[in-house]
Structures are given as C-alpha cells and as structure tokens.
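Input: a single structure, listed below in structure tokens.
There are 2 protein chains.
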Amino acid sequence: MKTVEANELQNHIESEVKIHGSIYKIRKMHGFAFVLLRTKRKVVQCIYSEEQAKFPLEELVEESCVIFTAQVVKEPRSKTGYELQLKEVEILSKPAEVSPIVINNKLVDTSIENLLNFRPITLRNEKQRAIFKIQEGITCGMREFLMRENFTEIHTPKIVYAGAEGGANIFKLDYFGKEAYLAQSPQFYKQMMVGVFERVFEIAPVFRAEKHDTARHLNEYTGVDLEMGYIESFEEIMEIETKMLQNVMRCLKERYVAELELLQVELPEMETIPKIKFREAKELIAKEYHRKIKDYEDFEPEEEKFLCELMKQKTGSEFVFVTHYPSKKRPFYAMECAENPDETESFDLLFRGLEITTGGQRIHSYEEQVKKMEKRGMNVELFESYLMMHKYGMPPHGGLGLGLERFTSKLLELENVRLSTLFPRDIHRLVP
Amino acid sequence: MKTVEANELQNHIESEVKIHGSIYKIRKMHGFAFVLLRTKRKVVQCIYSEEQAKFPLEELVEESCVIFTAQVVKEPRSKTGYELQLKEVEILSKPAEVSPIVINNKLVDTSIENLLNFRPITLRNEKQRAIFKIQEGITCGMREFLMRENFTEIHTPKIVYAGAEGGANIFKLDYFGKEAYLAQSPQFYKQMMVGVFERVFEIAPVFRAEKHDTARHLNEYTGVDLEMGYIESFEEIMEIETKMLQNVMRCLKERYVAELELLQVELPEMETIPKIKFREAKELIAKEYHRKIKDYEDFEPEEEKFLCELMKQKTGSEFVFVTHYPSKKRPFYAMECAENPDETESFDLLFRGLEITTGGQRIHSYEEQVKKMEKRGMNVELFESYLMMHKYGMPPHGGLGLGLERFTSKLLELENVRLSTLFPRDIHRLVP
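Chains as they are written, first to last, in numbering that gives the first Met the number 0: chain U, 0 to 431; chain H, 0 to 431.
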C-alpha cells in the first residue's frame with residue numbers, strides 16, 4: 000500500500016490511507032490528542048483517540064519519522080472538510096535527543112544567532128521553511144519567463160582568472176600553484192555568451208569578500224544574471240526585468256498560495272515601475288528630507304530608504320528604477336551616455352528601501368572598451384580573453400544581476416537577508 | 000517595426016520583415032550570394048542579389064551585427080518553404096579584426112587546445128553552440144520532472160567548513176582569516192534539507208581539486224544533486240533517476256529537435272536500465288575479457304567500458320546500474336548492507352562506458368553514524384552541525400549526484416568532457 004500525498008487526502012474521504020511524515024507537534028487535549036504531521040509541503044492535522052488507535056500515544060515522539068494508517072473522516076467543521084483518525088503507526092526513526100530549540104511553535108522564539116546555528120533543525124519550522132518554498136517559486140517564475148523569452152540557460156565557471164567587478168572584494172584561492180579567484184559575478188562569461196546565443200541567463204552562486212557586517216550583506220549569494228543582445232537602449236533591460244518580476248508574482252499567486260498565507264505576505268502591485276535619474280533622486284531626497292548631499296556619486300543606505308518612501312507616496316510603487324549612475328562608480332565595461340560621459344547607460348532597481356538589481360548597457364566596441372580600460376589605468380593584456388569577443392564582433396548588449404536572497408527578504412519583509420538564505424555566509428559565519 | 004524571430008518567418012511569407020543577427024557566413028555564387036545570419040537559435044539563409052538589394056555586398060562582413068530588411072518569398076525548392084531576399088541593411092557593429100580561427104564551417108577545424116583558448120569565438124559555431132542548447136534541455140527535463148515529483152529546489156553554500164567527500168581533492172581558501180573549502184558536493188546540505196522538505200534537488204557548481212588530467216575529469220563541474228526521504232531501499236533512487244532520464248529524452252525529442260538533427264544524435268532507448276552487483280560485474284568482466292582482477296574495490300576505467308559493452312550486448316541497454324559497492328570505497332555516510340557490512344546500499348550509473356552518477360542510501364541513525372565515523376578515525380566533533388540532523392531525527396533517505404557535463408558528452412558522443420563545458424577548468428586551464 001503506497002502512502003498518499005497530503006494534497007491528495009480530499010480524494011480519499013471515508014477510506015483508509017497510509018501517510019508518511021515527521022511528527023511535528025503533539026497537543027494533548029481532554030480524552031484525545033492532535034498530532035501534527037509534517038509532510039513535504041503541508042503540516043497535516045491528525046486526531047489520536049484511544050478508541051480508534053491501536054497503539055498508545057506514548058509511542059509518538061516529536062521529530063520521529065512515521066507511517067500512519069488513518070481513516071479520512073468527513074468533518075464539515077474542519078477547514079479542510081475532513082479529519083484524519085489515526086489507526087496504526089509504523090515508526091521509521093526516532094531522534095536521539097530532544098531539540099534544544101523549540102521549533103514547532105508559530106515562531107521559533109530565539110536569537111538570529113541561534114536560528115542560524117541550529118539551521119538544520121530550525122528550518123523544519125513551518126514558517127521558516129515556507130520562506131524557501133517561496134524562494135523556489137521566485138526562481139521558477141523567473142526561469143519560466145526567461146525561457147519563454149528565448150533566453151538560454153548557461154553554466155559559467157566560478158573559479159576565475161580575473162574579477163569582473165574589480166576592487167579588493169574578491170576571494171583568492173590557490174589553483175594548482177596559480178592564483179585564482181572566486182567569481183564576483185558571471186559578468187565576463189554572460190557577455191561572451193551574448194555573442195553565441197544573443198540572450199542568456201544564469202542562476203548561480205556569486206562570491207563577494209566584502210567585510211560589511213550588515214543586515215543586507217552576504218559573502219556568498221545566489222545571483223540571477225541575465226544578458227541580452229540587440230538592444231537599442233538599457234531601458235529594454237528594465238522592461239524585461241519588470242515583466243520577469245510580474246511573472247514571479249503571477250507564479251507565486253498561482254502556485255504558492257499556502258506559503259503566502261502562512262507568512263501573511265501581500266504581494267506588491269507592479270503594473271509599472273517608476274524611473275528617476277540618479278542625480279534627480281539625490282536632489283529630491285535632499286530637498287524633501289532637508290539633507291545635505293555629501294556624496295554625489297553614490298547613495299547612502301538611508302537615501303535608498305528615503306527614495307523608496309518618496310516614490311511610494313508619489314506613485315504607489317514599492318519599486319523604483321534609478322538610472323544614469325555616475326561613471327566613476329560603475330565598472331569599466333559600463334557604457335557611458337553619448338551626451339554626458341560622466342553618466343552611464345545604467346540602472347539600479349530599488350525595492351522597499353534596498354537595491355536588489357544592478358544593470359545597464361555594456362560597451363560592445365573593441366576600440367572603445369580598450370580606450371576606457373587604458374583611461375582607468377588597467378592592464379589591458381590581462382583581459383585578452385575577455386576582449387576577444389569585442390575584437391571579433393559583438394552586438395549592442397546589456398543585462399542585469401539580481402540578488403535572490405535580497406529580493407526574497409524584501410518581498411517577505413524579513414528584517415535580515417540571512418533569514419532568506421538557507422545557510423548564510425557572512426564575515427563571521429561559515430557553519431553550518 | 001520590430002524584428003521577427005527566425006522561427007516566425009513562415010508566418011510572414013510574401014511580406015517584408017526586419018530580422019537581426021550576426022553575419023555567420025557569406026558564400027558568393029554566380030550573380031548572387033548566400034548570406035547566413037546567426038540568430039538566437041537558428042542560422043537563417045538569406046539571398047543577396049544586386050537587383051533586389053539597395054546596398055553593395057561589400058558592406059557585409061562576417062561577424063558583423065546587423066538588422067536586415069528582407070522580403071520573405073515563397074520558394075518550394077527550399078527546405079523551409081521560403082527564402083529571404085535581402086533589401087536593406089543596418090549595421091550595428093563590425094568586428095575590429097577577422098577571427099584567426101574559422102568558425103563558420105560545419106566543424107571548427109582546430110586542436111581542442113585552440114577550440115578552448117578561443118572559446119568566446121569558437122562557441123559561435125553552429126554545432127558547438129548546439130551542444131549547450133541541448134545541455135539546457137537536459138537540465139530542463141530534469142528540473143521539470145523533479146518539480147512534478149514534489150522535489151524542492153534549493154541553493155546551498157559553496158564555501159564550506161568541511162568537505163563531504165573527504166580526501167585531499169579539495170580546494171582551500173582563506174575566509175577572513177579562517178581556512179575554508181570549496182564544496183565537493185552539496186551532500187551535507189541536501190541531507191539536512193531532507194529533514195525539512197523530504198525531497199530536494201540542486202543544480203549547481205561543485206569543485207574537485209583532483210590532479211587527474213584525462214578526457215573525463217574537470218575540476219569544476221555542474222552537479223545535479225537530489226536527495227529524498229522515506230525510502231525503503233536505494234532502489235527507489237535508481238527508479239527516480241530512470242524516470243528523470245526518460246523525461247530528459249522526452250523533453251529533448253519534443254523541444255530540441257533542430258539541435259539533435261544538427262549534431263546527428265540518436266537518443267538512447269531506455270525503457271528499463273539493467274542492474275548488476277559490483278562484485279558480479281567484476282567477475283563477469285574478468286571472465287568475458289580474460290582479465291585478472293587486480294582491484295576488488297574499484298573499477299579500472301577500461302572495466303567500465305567493458306561492462307557497458309557486455310551489458311549492451313546482453314540487454315540492448317547503453318545504461319547500467321552497478322550496485323553494492325564495497326564499503327571501503329564509499330564515504331562515511333553511506334549505509335552498509337544489513338546482511339553484509341562490507342557492501343553498501345549504493346549504486347553508480349554507467350552510460351556508454353563512463354560513470355555519470357553515484358548514489359545510495361545514507362545512514363540516518365545518529366548512533367550508527369557516529370559509530371561509523373569513529374571506526375574510520377574521524378574527528379566527530381568537527382561534524383557537529385552535520386550530525387545535528389541525525390541527532391534530532393531523520394527519515395531513512397538517500398540520493399544521487401550526476402555530472403551534467405559527463406552526461407552531456409556521452410549523450411552527444413563527444414570524445415572529451417571539456418567539449419560539453421562552456422569554459423572548462425582543468426589542472427592546466429583557468430582561462431578564459
């Protein structure tokens with residue numbers, strides 16, 4: 000007799016079924032007990048009563064893995080329309096110890112330190128795991144959209160000979176006696192692949208050796224990267240991102256309803272996303288919040304929050320595209336504006352106070368790219384294999400990178416990006 | 000006027016279209032020329048004639064990116080049923096130099112060294128890129144199947160505190176003053192996640208610091224990893240893999256026909272996959288090929304080839320599951336057979352002479368796992384966070400890891416696994 004899936008139970012009303020799972024919680028009542036069984040996606044409520052069950056309640060231990068034989072009984076008062084009367088149990092395994100952290104309440108009531116230290120256990124909490132089911136839905140909505148739009152999914156190396164983003168924020172490793180690095184992004188490779196497939200994407204780990212210790216930084220995260228050729232302007236990349244995120248919302252609403260309800264998430268409206276130029280945004284924030292502009296080349300974290308507040312008031316949107324970032328703050332491959340080379344054909348996407356995407360058009364002309372690198376004092380020879388694509392012909396192109404964990408945390412209104420990372424890596428944390 | 004996709008051209012017969020792409024090849028004939036345009040997925044044949052075109056042929060250069068205006072003319076003699084008569088051209092970019100390697104013949108006629116050194120260019124070859132379109136189809140067929148079977152897609156860290164597979168084949172890096180490693184597999188994490196979601200999978204890079212320099216080894220590859228709980232035997236994992244691979248074949252046959260034809264690939268039949276015990280396989284090979292068994296604990300590479308030959312002769316199958324590998328050669332988490340602890344509840348999948356998958360049932364009991372680690376002289380304390388899941392309760396479970404590039408190379412009958420890797424990493428190669 001095969002076990003049934005939790006979401007098939009309603010097809011078995013008035014019959015006996017076998018169902019397997021882990022005992023999540025036992026709640027003793029007067030004369031009976033509720034036994035909550037954690038299955039793949041649903042926590043299923045079962046009823047234990049001495050009259051029905053052929054085993055003593057004491058045999059059941061939380062976090063035991065079991066196969067229950069149960070009668071599916073019609074019960075109009077239950078939310079599901081049925082209840083599961085336990086008959087028999089087969090115990091597959093028992094925990095060696097009781098978890099030091101209570102994981103089967105609505106919330107895991109402990110510090111974030113503990114939540115992460117005991118990750119293999121705390122993730123078993125119904126709400127904790129729902130975060131990652133939704134994260135699956137996010138990637139699923141992105142991937143489906145991108146494949147429909149004729150993007151090809153690629154796998155590029157994470158051990159690399161040069162960093163794409165430059166700077167010191169790069170992990171070094173010894174590669175058979177040579178110095179190698181962990182990829183800060185698939186930037187070089189996804190550009191190369193535009194010359195091959197025109198449109199490509201990758202969802203894969205990226206590594207940043209940043210020493211920041213904040214609620215929004217991770218040293219390893221999942222990058223959603225896309226790159227596309229034959230664009231007329233970087234605005235096309237913003238359009239693709241808008242449509243991709245709309246598809247994510249659609250996918251979540253269709254297929255992840257239970258998790259959205261459990262986490263009480265209201266998905267943001269996003270028919271259109273407003274746009275504002277970086278410089279105008281700086282000035283607007285300074286004016287509205289009576290602040291002095293200290294740094295004309297970058298946002299301070301509070302400014303990103305203020306801007307999102309302002310745009311929400313003005314437009315109702317919780318997303319905002321900031322465009323035309325200063326050239327000085329953008330990488331060497333960023334295309335400068337023809338009318339003003341101090342600005343780039345680039346954008347960030349802010350969502351609920353946080354930057355979740357960086358994107359823009361790239362330089363596709365070999366001469367132009369070499370000139371910009373020389374102007375920046377870079378050693379062009381080191382980038383020979385990168386520049387190969389430009390030398391032998393590239394279409395106008397651009398793309399973006401989105402941080403999956405950042406997006407997830409903001410979508411679910413989590414206070415820390417570590418909460419939307421299964422096993423986060425930060426400057427202090429390498430375990431578990 | 001928007002550009003059309005290559006696969007929509009048949010809907011535009013007798014009308015004028017714009018189409019963009021890269022000029023793949025110009026073939027001058029008597030009085031006209033064939034101009035092959037490389038688009039996202041298809042190479043489209045266009046006809047240049049002086050009567051029709053409003054520009055001289057000399058304007059066109061191979062690897063230029065262009066937008067053509069063309070008339071779609073009905074032409075029953077053409078394979079597609081139409082031909083494209085060029086009218087106008089808008090040139091978006093021109094290469095700075097002519098590629099030193101000819102990429103627009105049927106085959107790129109050069110050494111594998113050159114093929115890889117000039118990867119950003121050689122991948123533009125129609126057949127070269129088709130390999131990776133099919134690779135996309137493989138992951139797509141796997142992912143679709145696994146999600147339908149209620150597996151949850153996860154993202155686990157690649158910077159880790161301990162290696163899952165043990166041994167010296169692990170890359171070290173400095174992680175803010177601590178010693179860290181690159182994950183040899185997501186083994187520990189996918190097991191932990193079985194305690195959370197019961198069934199999980201991940202398709203992500205794995206890193207092996209092996210010094211092998213062969214046609215089948217890579218130092219970084221894409222691991223397809225799955226892990227599932229509530230199994231009665233490791234044979235269930237073999238069943239899931241069989242169904243997953245059947246779905247891959249279905250997916251390729253439905254959606255990747257053009258690439259299969261281009262590469263002249265015959266997909267293998269795989270209704271059932273034969274099984275043989277490791278020890279029996281060793282003896283069978285020894286007998287049939289008149290060899291002496293040198294190593295009772297592992298296969299020599301030729302033995303894997305011989306076994307596949309034999310099984311193909313006997314059963315018609317190009318796949319074979321080898322089961323019950325010796326305990327000594329399997330990792331510390333492998334479950335031993337109850338009736339014979341020298342053997343494990345494990346399997347490899349061989350395909351066309353090569354191991355493409357390793358899998359098996361894992362130990363789920365805390366006491367049993369600790370005992371085995373102690374017997375192996377391991378420092379149990381170092382694995383505290385791994386053992387947490389066992390301590391607080393785990394279902395019987397198991398899983399597998401499949402090398403995407405190996406599988407792709409064997410499916411397409413490529414002679415070297417590097418040929419199914421976009422940018423391979425081997426003991427000598429870190430660039431591009």
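Note that CB positions come from ideal geometry on N, CA and C, so glycine has one too.
List the residues of chain U whose Cβ lies closer than 7 Å to the Cβ of Arg198 (chain H), in chain order.
In the second sequence, counting from the first residue as 1, residue 198 (chain H) sits at position 199. Lys39, listed in chain order.
Beta strand (DSSP E) containing Phe346 (chain U): first to last residue?
Taking the first sequence and counting its residues from 1, one reaches residue 346 (chain U) at position 347. Start and end: 345-350.
Taking 7 Å as the limit between beta carbons, can you name the residues of its chain near Thr68 (chain U), skipping five residues before and five after?
Locating residue 68 (chain U) in the first sequence gives position 69, where the first residue counts as 1. Hits under 7 Å: Glu15, Lys17, Lys86, Glu87.
Beta-bridge partners of Glu152 (chain U), as assigned by DSSP:
As a position in the first sequence, residue 152 (chain U) is number 153, starting the count at 1. Partner(s): U:Phe200.
Please list the partners that Ile158 (chain H) has in chain C, where partner means a Cβ-to-Cβ separation under 9 Å.
Absent from the structure: chain C. Protein chains present are U and H.
Ignore the nearest five residues each way along the sequence and tell me which others in Glu34 (chain U)'s own chain have a CB closer than 7 Å to its CB.
Locating residue 34 (chain U) in the first sequence gives position 35, where the first residue counts as 1. Strictly speaking, residue 34 (chain U) in this sequence is Val, with Glu absent from that position. The answer, listed in chain order, is Ile22, Ile25, Cys45, Tyr47, Leu59, Leu85.
First and last residue of the uninterrupted alpha helix (DSSP H) at Gln44 (chain H):
Taking the first residue of the second sequence as position 1, residue 44 (chain H) is located at position 45. Segment 42-47 is the beta strand (DSSP E) holding Gln44 (chain H); no alpha helix (DSSP H) there.
Can you tell which of U:Arg207, U:Phe422, U:Val416, U:Pro394 has the C-alpha that lies nearest to the C-alpha of Ala95 (chain H)?
As a position in the second sequence, residue 95 (chain H) is number 96, starting the count at 1. Nearest option by C-alpha distance: U:Pro394.
What are the boundary residues of the alpha helix (DSSP H) that Tyr365 (chain H) is part of?
What you label residue 365 (chain H) is simply residue 366 of the second sequence in a count that begins at 1. Taken as a continuous stretch (DSSP letters only), the alpha helix (DSSP H) holding Tyr365 (chain H) covers 365-374.
Going by DSSP, name the residue or residues bridged to Phe33 (chain U).
Looking up residue 33 (chain U) in the first sequence gives position 34. According to DSSP, which records beta bridges pairwise, Phe33 (chain U) is partnered with U:Arg26, U:Ile46.
Lys390 (chain U) CB to nearest chain H CB: under 8 Å?
As a working mapping, residue 390 (chain U) is identified with position 391 in the first sequence. Answer yes: the Cβ-Cβ gap between Lys390 (chain U) and chain H drops below 8 Å somewhere.
State the start and end residues of the unbroken beta strand (DSSP E) segment that holds Ser232 (chain U).
To locate residue 232 (chain U), count along the first sequence from 1; it is residue 233. Ser232 (chain U) -> no beta strand (DSSP E), and no H or E assigned at all.
Mapping DSSP to helix, strand and coil, what is Tyr385 (chain H)?
The residue given as residue 385 (chain H) occupies position 386 in the second sequence. Secondary structure of Tyr385 (chain H) (DSSP, three-state): helix.
Classify Leu262 (chain H): buried if its beta carbon has 16 or more other beta carbons within 10 angstroms, exposed otherwise.
Start at 1 with the first residue of the second sequence, and residue 262 (chain H) comes out as number 263. Leu262 (chain H) is buried by the Cβ-count criterion.
Minimum Cβ-Cβ distance from Phe67 (chain H) to chain U less than 8 Å
The sequence position of residue 67 (chain H) within the second sequence is 68, counting from 1. Under the Cβ criterion of 8 Å, Phe67 (chain H) is not counted among the residues facing chain U.
What three-state label does DSSP hand Cys139 (chain U) in the structure shown?
The sequence position of residue 139 (chain U) within the first sequence is 140, counting from 1. Correct three-state label for Cys139 (chain U): helix.
Give a yes or no on whether the minimum CB-CB distance between Pro94 (chain H) and chain U is below 8 Å.
As a first step, residue 94 (chain H) must be located in the second sequence, where it is residue number 95. Look at Pro94 (chain H): its C-beta is under 8 Å from a C-beta on chain U.
What does Ser98 (chain U) touch in chain H if you count any residue whose Cβ is under 8 Å from its own?
Within the first sequence, residue 98 (chain U) is the residue found at index 99, counting from 1. Per Cβ cutoff of 8 Å: Tyr391.
Roughly how many angstroms lie between the CA atoms of Val193 (chain H) and Gln312 (chain U), to the nearest whole one?
Here residue 193 (chain H) refers to the residue found at position 194 of the second sequence. Here residue 312 (chain U) refers to the residue found at position 313 of the first sequence. Rounded to whole angstroms, Val193 (chain H) to Gln312 (chain U) spans 44 Å at the Cα level.
So what's Leu91 (chain H) in DSSP terms, helix, strand or just coil?
To locate residue 91 (chain H), count along the second sequence from 1; it is residue 92. Note: Leu91 (chain H) maps to strand in three-state DSSP.
Run the CB neighbour count on Ser110 (chain H), radius 10 Å, all protein chains shown included, and call it buried at 16 or more, exposed below.
Locating residue 110 (chain H) in the second sequence gives position 111, where the first residue counts as 1. Flag for Ser110 (chain H) reads exposed.
Rounded to whole angstroms, how far is the Cβ of Gly400 (chain U) from the Cβ of Thr357 (chain U), which I believe are closer than 8 Å?
By one-based count along the first sequence, residue 400 (chain U) stands at place 401. By one-based count along the first sequence, residue 357 (chain U) stands at place 358. With 8 Å as the limit, Gly400 (chain U) and Thr357 (chain U) qualify as a contact, their Cβ atoms being about 6 Å apart.
Residues that Asn149 (chain U) contacts on chain H, provided the C-beta gap is smaller than 8 Å:
Here residue 149 (chain U) refers to the residue found at position 150 of the first sequence. For Asn149 (chain U), the C-beta contacts it makes with chain H under 8 Å involve Glu4, Lys39, Arg40, in order along the chain.
Using the beta-carbon of each residue, which ones in chain H are nearer than 8 Å to Lys177 (chain U)?
In the first sequence, counting from the first residue as 1, residue 177 (chain U) sits at position 178. Leu429, listed in chain order.
Quick check on Thr438 (chain H): does DSSP put it in helix, strand or coil?
Outside the shown range of chain H (0 to 431) lies residue 438 (chain H), about which nothing can therefore be said.
Please confirm if Phe117 (chain H) has its CB atom under 8 Å from at least one CB of chain U.
On the second sequence, residue 117 (chain H) is found 118 positions in, with the first residue counted as 1. It does: the Cβ of Phe117 (chain H) has a partner Cβ on chain U nearer than 8 Å.
Do you know offhand how far Arg351 (chain H)'s Cα is from Phe320 (chain H)'s?
Along the second sequence, one-based indexing puts residue 351 (chain H) at 352. Along the second sequence, one-based indexing puts residue 320 (chain H) at 321. The C-alpha of Phe320 (chain H) is placed about 12 Å away from the C-alpha of Arg351 (chain H).
What separation, rounded to the nearest whole angstrom, lies between the Cα atoms of Glu373 (chain H) and Met377 (chain U)?
As a working note, residue 373 (chain H) is residue 374 in the second sequence. As a working note, residue 377 (chain U) is residue 378 in the first sequence. The alpha-carbon atoms of Glu373 (chain H) and Met377 (chain U) are separated by roughly 53 Å.
Between the Cα of Thr314 (chain H) and the Cα atoms of H:Val205, H:Leu8, H:Glu268, H:Ala337, which residue gives the shortest distance?
Counting from 1 along the second sequence, the entry for residue 314 (chain H) is found at position 315. With distances taken between Cα atoms, Thr314 (chain H) lies closest to H:Glu268.
Once you ignore the five residues that flank Glu302 (chain U) on each side, which residues in its own chain have a CB closer than 6 Å to its CB?
By one-based count along the first sequence, residue 302 (chain U) stands at place 303. Its chain contains Ile284 as the residues whose beta carbon lies nearer than 6 Å to that of Glu302 (chain U), once the 5 sequence neighbours on both sides are disregarded; these appear in chain order.
Between H:Phe331, H:Thr407, H:Ile292, which lies nearest to Gly136 (chain H) when the distance is taken from Cα to Cα?
As a first step, residue 136 (chain H) is located in the second sequence; it is residue number 137 there, counting from the start. The residue with the shortest Cα to Cα distance from Gly136 (chain H) is H:Thr407.
Straight-line gap, Cys64 (chain H) to Thr38 (chain H) (C-alpha atoms, nearest Å):
Within the second sequence, numbered from 1, the residue matching residue 64 (chain H) stands at position 65. Within the second sequence, numbered from 1, the residue matching residue 38 (chain H) stands at position 39. C-alpha separation (whole angstroms): 10 Å.
Report the option in H:Gln190, H:Val195, H:Tyr220, H:Arg207 whose CA atom is closest to the CA atom of Ala203 (chain U).
Counted from its first residue, the first sequence places residue 203 (chain U) at position 204. Looking at the Cα atoms, H:Tyr220 is the closest of the given residues.
Quick check: Thr151 (chain H) and Phe196 (chain H), are their CB atoms within less than 8 Å of each other?
As a working mapping, residue 151 (chain H) is identified with position 152 in the second sequence. As a working mapping, residue 196 (chain H) is identified with position 197 in the second sequence. Yes. Within cutoff.
Please confirm whether Met191 (chain H) has its beta-carbon closer than 8 Å to some beta-carbon of chain U.
Residue mapping note: residue 191 (chain H) aligns to position 192 of the second sequence, counting from 1. Chain U has a Cβ within less than 8 Å of the Cβ of Met191 (chain H).
So, are the CB atoms of Ile451 (chain U) and Met387 (chain H) less than 8 Å apart?
The structure shown has nothing for residue 451 (chain U), since chain U only spans 0 to 431.
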